[in-house]
Amino acid sequence: MISRRSMLSAAAGTASLAALPLRPAAAGVAGTLGCAPRYLGYRRADRAQPYASYMASSTRPIQAAAARAVDAGPTPASAIPPLSDLTRDLAPTGYSRLERGYGLTAGGQVWVAMHTRLPGNTAAMWDWWFGWHSTEPARYKLWHPDAHAFAAIKQDRSRIPGLTDRQKYVGNTSYVDEYIGDQLEQLAISFVDPERHGFVVPAGHTVVTGHVGSSVLPVRLGRLAHQIRPTGYGAEMRSRFYLNVASLGEVDARANLCAIARNPLPTLSTPLPFDVAFGRDLMQHCAAEMNHLSRILPDLYAEFRGTP
């Protein structure tokens with residue numbers, strides 16, 4: 001089986017980064033580049049942030065329907081829609097036959113679907129969140145305090161005048177370290193314009209979509225999409241993931257080196273492709289983070305929407 005280490009190393013060679021070390025002197029690299037540390041939970045400096053009242057010691061339980069779907073086991077490949085149907089699957093009206101589930105497609109891609117009720121939420125709140133949270137790791141941890149350990153943004157656009165919330169993250173890359181189940185993942189999420197990628201996004205809706213990649217080397221690992229649309233109780237989120245869709249990503253040498261420096265013994269020996277057990281863990285993770293954030297987002301948005 002191809003290993004994640006060999007896949008990433010091969011991609012790095014193609015991108016002229018073949019000499020990038022996997023085990024540098026982490027402290028020296030971090031100090032030279034000014035890399036921020038990774039850790040779970042909150043430290044004293046985090047508790048001094050103006051949003052500290054939203055910091056929870058643990059993540060809320062997932063919604064009951066999500067828990068039933070996680071426990072139901074994997075979806076048969078014959079029932080999973082292909083990646084090519086993603087924009088139709090997340091149409092602005094109606095529902096798919098499968099709104100919650102995980103499994104492997106016939107082609108070996110890991111597929112995850114999750115539906116999350118978002119009481120009192122709006123699509124605008126989620127556009128704001130995606131443009132706001134990646135500038136400070138402590139903000140990212142508000143989303144899933146049990147599993148989120150680090151975040152940074154390729155280009156901090158928070159103080160650029162005249163930008164909409166969506167413009168702050170679309171065309172930008174968020175670098176995150178998070179635990180999916182017991183596995184530490186160092187990811188680069190590159191957000192793209194949903195309408196340019198075939199999604200229909202009416203007023204009052206949003207679709208947050210992009211490429212899931214590695215923050216260690218310039219490799220894309222899959223796609224994600226989160227559709228948020230209004231309901232009578234607030235909003236709902238329909239999430240989709242397709243992994244094991246590998247291609248080269250963009251080179252960001254500083255982000256790559258900082259990611260390696262945060263983890264001098266990187267977890268790159270886990271086999272690729274991602275397996276069905278990872279799909280189950282990802283489904284659980286998505287259900288947890290989206291539900292947890294939805295409970296604090298209306299107040300967080302009301303208090304901080306005007307701040308960079």
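With this note's numbering, the residue at position 38 of the sequence shown is 38, and numbering never jumps.
All C-beta atoms in this analysis are idealised placements derived from N, C-alpha and C, irrespective of residue type, glycine included.
The structure presented is a predicted model; accordingly, all values stated were derived computationally and were not measured.
The bridge partners DSSP lists for Glu178 are His148 and Glu185.
Counting only the Cα atoms, Met125 lies some 15 Å from Tyr233. In the DSSP annotation of this structure, the continuous segment of the beta strand (DSSP E) that includes Gln227 starts and ends at Val219 to Thr231.
Distance from Leu300 to Tyr140 at the Cβ level is roughly 13 Å; contact not present, criterion being Cβ atoms closer than 8 Å. For Glu303, the number of other beta carbons within 10 angstroms of its own is below 16, and it is reported as exposed.
In the structure shown, Glu236 falls within a strand segment according to DSSP collapsed to helix, strand and coil. Residue burial is scored here from C-beta neighbours: Thr231 has fewer than 16 other C-beta atoms within 10 angstroms and is therefore classed as exposed.
Residue pairing by DSSP puts Phe191 in a beta bridge opposite Gly210.
Its chain contains Arg38, Pro137 and Asp177 as the residues whose beta carbon lies nearer than 6 Å to that of Phe150, once the 5 sequence neighbours on both sides are disregarded; these appear in chain order.
Going by C-alpha positions, Arg157 is about 29 Å away from Thr59.
Cβ-Cβ separation between Ser294 and Leu118: approximately 4 Å, consistent with a contact (criterion under 8 Å). Around the beta carbon of Ala48, a 10 Å sphere encloses fewer than 16 other beta carbons of the protein chains shown; the residue is thus reported as exposed.
Runs of the beta strand (DSSP E) spanning 3 or more residues and lying entirely within the region 36–60 do not occur at all. For the set Trp111, Pro81 and Ala288, the Cα lying nearest the Cα of His148 is the one of Ala288. Cβ atoms of Leu297 and Trp132 stay farther apart than 8 Å, at about 11 Å.
DSSP assignment within the region 94–158 yields the following whole beta strand (DSSP E) runs of 3 residues or more, N-terminal first: 101–104, 110–119 and 148–153.
The Cβ atoms of Gly222 and Val192 lie no closer than 7 Å to each other.
Residue nearest to Ala56 within the set Ala67, Met283, Asp146 and Ala203 is Asp146 (criterion: CA-CA distance). Taking all protein chains in view, the Cβ of Thr75 is crowded by 16 or more other Cβ atoms within 10 Å, so the residue is classified as buried.
Counting of Cβ neighbours within 10 angstroms places Glu195 among the exposed residues, the total staying below 16.
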